[in-house]
Structure formats: structure tokens, C-alpha cells
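Residue numbers (this note's numbering): 4 to 967. Working notes, beginning with the structure itself.
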């Protein structure tokens, strides 16, 4: 390989060696003659040399597009620079709309196929907005007339009718029609269908029969060589034989005829010529890829695979190069923007036709990593994207990206488990990023109710940008191009079969879904993946011992699938069978209890309503307590009332409704009951509100609600208040055996009460045994955290610190918040040095990606409980390394204002807005915060000064364009 590269600086340079030896061609040696150089430059004035950018991809632009995706009602075309246009059915010929429904788009168009299109609507300002294009020849060819149709011109045509020897083609140019013989159509496009659009080459124009033009669908088989070439009459897909003239740093100037010159960007040249420009010959075949009639915009490509417009297979990547694969690539150039270019293959003399590049965003630490990417160095990289018209892979060297499997939207099968990173946090949910940042990233959305298994009022405090998150794909909304995900642990971690279609193969399977909606009959719609739903009938719902609620995750069995009508019938399966068995046993007890109650009513002659009144009077003995936190309850002195405080998710009414439903079901099944439904409801309310005074009362209530941790804890405290520790322990053990394993919250409440009991009344040995059992039976980290709360409440700070030390050793990699909780505890105990040492330990033990979060949180703790100056030092240290971290700037400003005052905060704002590293549009939120501060805490003078600084900033010329 000759070590010759494109010259830097953009000045014109001669083709070396080979071109100089050719006596028939003029060797243009610029030398040091400014006048001659100006003369040469003037020769190319007006030639379009830019790459196609989004702002240039405007209405009326005609472009050559490669079909990258075929959907049900639209196709997606990609053209130069990776720009994409959507072509819906309504942007196709009207004759096709008549057959649409009988013929699928996938029957007519294939991935890799080349088509010319016209931009009818430019892309919007948002990153994901796409242009709207049309492939209808009446639109794309609207500027042509019959006289424009010269030999070898390539244009779109619609199959109008099928004949014995070929097909009649509508070219959209009025009365002139075309005809293509069957032999002139590639097999890949057969069978031809009415309404189908293909690229056709004008094969022969007959002067005697100008109304019928002979066409060929082998569009690239000939070159357009009209001496009177008019660029405005050319269309994308037309192949031209050009003559290379000058090589510059960004490409090659070529001559199309005596009066017409054009430019081929180096990324549109064959790889072997990019590596060695001296390989340019006397002629170069090029294809028109974009043009805007009556304007300078005129873009060409010289890549053989792109010129082969009739061969779709050449555009499709090999299996070893597809997105998500790993490739060996050799670096050969780093451009001015810092992008690294690679060739594939072992032999630089014969590189593969597919090339590759990596943007700066494709490196973990660009400044550090780029040193290793010298010309000729080989690297193992991950393919994260593909630009079809450039035949260029997009690579990434990031470690986390290399570990990922999912890189393209087509990999996002509903139900698939994927790992991404939180991009942004909003009140309605979180945006999750997959793949490397930039053009190739995939964005999904997790609704707020799909982030955790249980509702969290302050859930946004537990999720932050950059955080790693595991999700499953719920479904893809193709109409709005939105990807919906779930991050609920019970769905993500489930190893049960994924239901993503209406198929009988799932009958008998046990799976997980979430309760989407309860209908009037009491039945629930259960949602799975890919918008597949099943029906859980009302009897199954009533049979459940749990109180089923909307959005709750349930395990169920597929009973039947109606594929034709897309219906699924569900059951709670083996769990309900086991519950039925328990219900039978429970029913026997209930029947005996009812008989006993009947006898008691007869003997005492007390009606249900009088029992309710009596219960209310007795209720005065007990104090009712409400608790705000659903997982926390009183940890004070061990009394009947304090241990009976059990938090519930929806408040105390939930348990009342649960018992009421159970009693109502029992009453419906017992036709011999002596009192009506209204009396049953009153009695149920009485059972909830009545005070149990002895074991018989508690046993009776627990028969109705065996999963109620509140009743079990009250039962336990009955004995604890009488100093009957053995009996209290027996009740706890009974509760742990009786409460369903699915009622994790209820079980956790009982374990917490048990720990309270042993801490206050037991021995250190008995407490240790109970604690070990609790951590083995429940979520160990959760139990440890609850124990910390108990210790703190009882001022057992020494024990709390010892437990924190133990937790750090055991859970240091499982829960980042644990470090911050311990740090807060140490600051509150007036041990700031220990807290600072803890931060150092956290930085040493945690991955580098967590360091900013750790330092930021401890800086906040310094401001709140320690030394504000030290907190400031930590923030400054973060920003010296990561000056673009907007989240850190925001937190720093808030704490500076709160703990140091307006003057320090103002200095920080002034410093921020003058930063060159951060783009102006990203500064808006901090500027707004500064103005709000001045309005609230500043003076009119400081407010005016603020506005002046901002105005000067916005007035600067920031129109420098960033090259990719």
C-alpha cells in the first residue's frame, strides 16, 4: 500500500506518481504560483462540495434512497449522510393504492432496493423527526418532459399493466409511456405487480415512436454520456462516466463533459482509492445520489455497490458485519472533527467494499483512547450502526456498548430483556438509551407505573440520568415510532415464558402479566407483551386470596387461546387450586364458627346491628393509629398500641374492603343465613373495628383475615402486654406459618414486630437468632435497613454503627444508597472525619461510573451537616474533570445559594454562562435559574447585570458547524 493520503487544508493538489506519468493528461502542478492556483480554483467555482446535511435535505430535493425497512403501511429510505425519509402508501402511485390490501408492501419492495424519491416535507427540528418522501413518478419526474428522456437516463416508473412479453410502465411524463421486456427485469423484482415502482434506464428512444420508450430495469448497465448534459434534467440513479481532475483533502473534482464539473466526497469513493488516491484512473463511474433542480446541490457516489442500483443484495450487510456484531478494523485516518476511519480486511491493497468509522462519542475517554488509534493499528470494535449509501459501519469502542447485544430497533422483540442507561427523568416516566450516544442510539420510554413493582410518591429521587437499568420491551408503536418498556423487577426478572402473540403453543403455560383494567363483571384484563391481552374471569378474581388491583403483577396460567379472534382465557392456575384446598378447610372452620355464632346469638338475643353498637362502645378502650409510610410503623415503646401500627398501601380502608368482600362471598354461598346482606356488611365492619379481648376473639377475626399482619401483631401484643413472652413468640411463629408467601409486605411487618419484641424483651442471643432467620426468609438488605431504623429509634447508635459497618462489607456493591445513608448517620453523630473516610472507601470500591454520584452526594452532606467549604471543594473537583455535567452545576448552584448566600451563587452562575465547553442551548435552564434567583433575592441592579451578561452571551456568533 502506497502511503499517500488526501492532502490536508483543503487546497488543491495534483494526483501524484501515476497521474504525472500519463503524458496524455495535463499534470496540474500548483507549485508556489498563487495566480495559477487562483485560476484553477476559479475553474471549480459553483461546484457543490458539501455533504448532504439535514438543513439541505429540504422540499423538492430528489435523492437516491436505499430501502432500509419495509413496514405494513410505509417504507423507510436512507440516502446520503444517513438521512432518512418515510414513504407512506399515500406517497406511492394511486394505482398501487387500489391493490393495497391484496398485495403487501413486503411483496413489492425489499430491503437494499434502490429507488429515487422526492422530498415533499422536510424533517422537523427534533432529532427523531424524518422527512416525508414520494416515489410516485408523477411527483419525482414532474420537472421532465418527453424530450428530456435521453438514452441511459434513469428514472422511476410504475408498472401500469402486465403484458405477455413484459409490462407497460408509467413514467409520469404525460402521454409518453415506457415498455420493459421480461428479459430486462432482474429476477429479484419478479413477479412484477401492478403499481410497483422500479428504477428504469431509458434503453432506446425511437424518433418514429416517441410515445413508447424502451426501458430496462438493469438501471446500472449503461452510462449516460450525452455531450449536451444538463444537470437539471438528471435524476438520482443515473450513472455517468466522469474524468477525475483534482484531489483535495475532502474528495475529488471530476469532469462530466466539457462544461460541467462536479465533486465526489472521499467517503463516496471506493475504499481502495480512499486509501491510495494514486489509484484513480482516467475515468470514474459515478451515480447521482442527490440533486435539487436549478440549484448547485448535486451529489455523486463512486462506490461500486451503490452504482449497482439493480442489485439490492449488494447493499445488505454480511452476517459478520451486521449491527451488534464485533469486527476487526484497521484505522487509517483521523479527520479534523476527531472521527476515526477504518478499513476492513487483512489486505490494505484489496480492502472490503464496506468501510467503518467511529465518532468521538464512541469512546469512553476520547483524549486517552485516541492515542492508541494510530494509522495502521487494528482494533476490535462493536458495530452499532450502518449508513447504507456510504456503505459505512458505525463503530464503538465503549466497554459498556461492547457488552450489549441490542443495537437496532429490529432487535427489540417484545418481551426481550435488555440493558440500557437512563437518558432523562420526567414526571410521566423515564427515557432509556440503548447503544452509544448519538445518531445510532435507540430511545425507549418507561412509564412511571412500570419502573417499580409498588407505587413510590418520590420515585424520581431514586432514578438519575446515566444510571444502568434492566428492562423488557413491552411493545413498539410503529405509527408514532415509540418504544415502550417495563422495568418492573417482577416482570424483568421473571424466567417464565414470554407471551407476545396469540398462539395455541402457550396453552398450559404459566406466565406473568400485569392487571391492565377491571371490567364491570369483576374480571380483569391482563396485559402481556406486544399488546397481547388475556381475560381473567371474575370467579378466578374472587377465588384469589389476594386483593387484586390495577397494574399489579400476577402469575397466571393460559387456559385457552382463540388465535382467529385473538382472545386468551386465563386462570390463576395452581395457586388457585391450592387456595381452593385451603378454602375448603377454611370453610369447614367458618361453618363451625357460624354455628357457634348462631347459638351465641340465640342465647344472647343480640342482633347484628346491636353487635355493631356494642363494638363501637368497646372501641373506646383502644386507640386507633394511622401511619403515613406504607412500609414503616411505630417503633416506640413496646405496647399493644405501638406494635399494632401497621402501614398499608392504600390506607386502612383497603383491609376493610378485603374482609368485606370475603364475608360477602360467604354470605352469598350460605342461603340459610338468618340476616340479610346489609346486616352482613354491618357485621363485617364490626369485626374490623371491634376490640378483641381474648384468644377466642382473635381466632375468630383471623379466620376471616388470615393474611392480616395487623391482627397477628395485635394478637402478639395481647400476650406481650401481659409479660407472656412465650405465648407472644408462639403467635408470631403461627403468623409466619399461616400468612401466604405472596403477602411479602404482611410477612415483613410480622418479622419487624418480632425483631421489636426480641430487642426489648428478649436476650441478645434470641434477638440474634430472630435477626438471622428474618434475613434468611426476607430480602436481607431490606431487613438490615429496617433494623437500622429500629436501632436509631431506640437511640442504640453504637449498635447501628456496627450494623452499618457489617452492611457495607456485605452489600457495598448491591445498593449505592447504603453508602449515603451511612454517611448521613456519621455526620448526624458528629463524626465528619469518619464520613469523609467513608467517601474514600466508596470511591475505592465502586466502579468509576458511580464516582460522580458518590462525590456529589457527599458534597451535599458536607453542605448540610459538615463544612460547606469542603462541600464546595468536592463540587469543584468534579467540575474540573467533568465541566459539561449540567446536573452537577444545578445541584452545586442550589446548595451554594442555600448555604453560602446569593453572592457566591451569583459568582457561580456568571462562571457557568461563560463556559465554552457547553453549548448555548444547554445553558438555558441554568440561565433561567439565575434570573429567578435575582428576581427573588437580588436587586434591580443585579437583575439588570444578569440580563446584560446573558444578552452578551446570546449575541455572540456561535454558528460554527460541528463536523461529525
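Cβ coordinates follow ideal geometry from the N, Cα and C atoms, glycine included.
Beta-carbon proximity of residue 69 to residue 272, cut-off 7 Å
no
Checklist entry - CB residue 66 to CB residue 82, shorter than 7 Å? => result yes
Out of curiosity, what's the CA-to-CA distance linking residue 909 and residue 933?
7 Å
Quiz item: Quick one: Cα of residue 477 to Cα of residue 531, how far?
Solution: 8 Å
Practice task
Measuring alpha carbon to alpha carbon, tell me which of 191, 856, 293 and 258 ends up nearest residue 471.
Solution key: 856
#### Entry: Inter-stretch contact (C-beta, 8 Å, three-pair minimum) for the segment 843-856 and the segment 864-877
no
Report task. Would you please state the rounded distance, in angstroms, between the beta carbons of residue 556 and residue 491? I believe it to be under 8 Å. Result -> 6 Å
Check: For residue 246, which of 239, 265 and 516 has the nearest alpha-carbon?
Finding: 265
Residue 401 classed as buried or exposed, judged by whether at least 16 other C-beta atoms fall within 10 angstroms:
buried
- Message: Helix, strand or coil, according to DSSP, for residue 663 in the structure here?
- Response: Note that residue 663 has pLDDT 39, beneath the 50 cutoff, so the model's placement of it is unreliable and the number below is only indicative. Three-state result, residue 663: helix.
Practice item. Would you tell me roughly how many angstroms separate the C-alpha atoms of residue 708 and residue 549, rounded to the nearest one? Key: 11 Å
Worksheet item: Is the distance from the Cβ of residue 159 to the Cβ of residue 138 below 7 Å?
Response: yes
Item to complete: Could you name the residues of the same chain whose beta carbon sits closer than 8 Å to that of residue 462, not counting the 5 residues immediately before and after it, in chain order?
Response: 451, 454 and 455
Given a cut-off of 7 Å, decide if residue 434 and residue 445 are closer than it, judged by their beta-carbon atoms. no
Please report how far the alpha carbon of residue 414 lies from the alpha carbon of residue 395, in whole angstroms. 20 Å
inquiry  = Give me, in chain order, the residues of the same chain whose beta-carbon lies closer than 8 Å to that of residue 480; leave out the 5 immediate sequence neighbours on both sides.
reply    = 486 and 487
Please tell me whether residue 152 and residue 52 are closer than 7 Å, where the distance is taken between their beta carbons. no
**Asked** In this structure, does DSSP put residue 540 in helix, strand or coil?
**Response** coil
By a C-beta neighbour count over all protein chains shown, 10 Å radius and 16 as the cutoff for buried, is residue 923 buried or exposed? exposed
**Item:** Exposure of residue 499, with buried meaning 16 or more beta-carbon neighbours within 10 Å
**Value:** exposed
Whole-angstrom distance between residue 363 and residue 155, CA atom to CA atom: 42 Å
### Residue interval of the beta strand (DSSP E) (run including residue 102)
Note, residue 102: premise wrong, no beta strand (DSSP E); alpha helix (DSSP H) at 97-102.
- prompt: Are residue 292 and residue 302 close, meaning C-beta to C-beta below 7 Å?
  reply: yes
For residue 369, the three-state DSSP class (helix, strand or coil): helix
Buried or exposed for residue 942, please, with buried defined as at least 16 other CB atoms from any protein chain shown within 10 angstroms of its CB. exposed
Residue 937: buried (16+ other C-beta within 10 angstroms of its C-beta) or exposed? buried
Pick helix, strand or coil for residue 75, following the three-state DSSP scheme. coil
- prompt: Does the distance from the CB of residue 223 to the CB of residue 310 come in under 7 Å?
  reply: yes
Checklist line | Residues bridged to residue 390 [DSSP beta-bridge criterion] | finding: 395
Suppose you measure from the CA of residue 238 to the CA of residue 72; what does that come to, to the nearest Å? 23 Å
| Where residue 25 falls, given that 16 or more other Cβ within 10 Å makes a residue buried | Because the pLDDT of residue 25 is 43, which lies under 50, any placement of that residue in the model is unreliable, and the number read from its coordinates should be weighed accordingly. Residue 25 is exposed by the Cβ-count criterion.
Just the Cα atoms here: how many angstroms apart are residue 915 and residue 892? 8 Å
Q. Cα-Cα, which of 342, 353 and 319 is closest to residue 282?
A. 353
### Task
Output the distance between the C-alpha atoms of residue 951 and residue 886, rounded to the nearest integer angstrom.
24 Å
Within the segment 891-941, ranges of the alpha helix (DSSP H) (whole runs, at least 4 residues):
905-916 and 927-940
Compute the Euclidean distance between the alpha carbons of residue 789 and residue 429, then round it to the nearest angstrom. 30 Å
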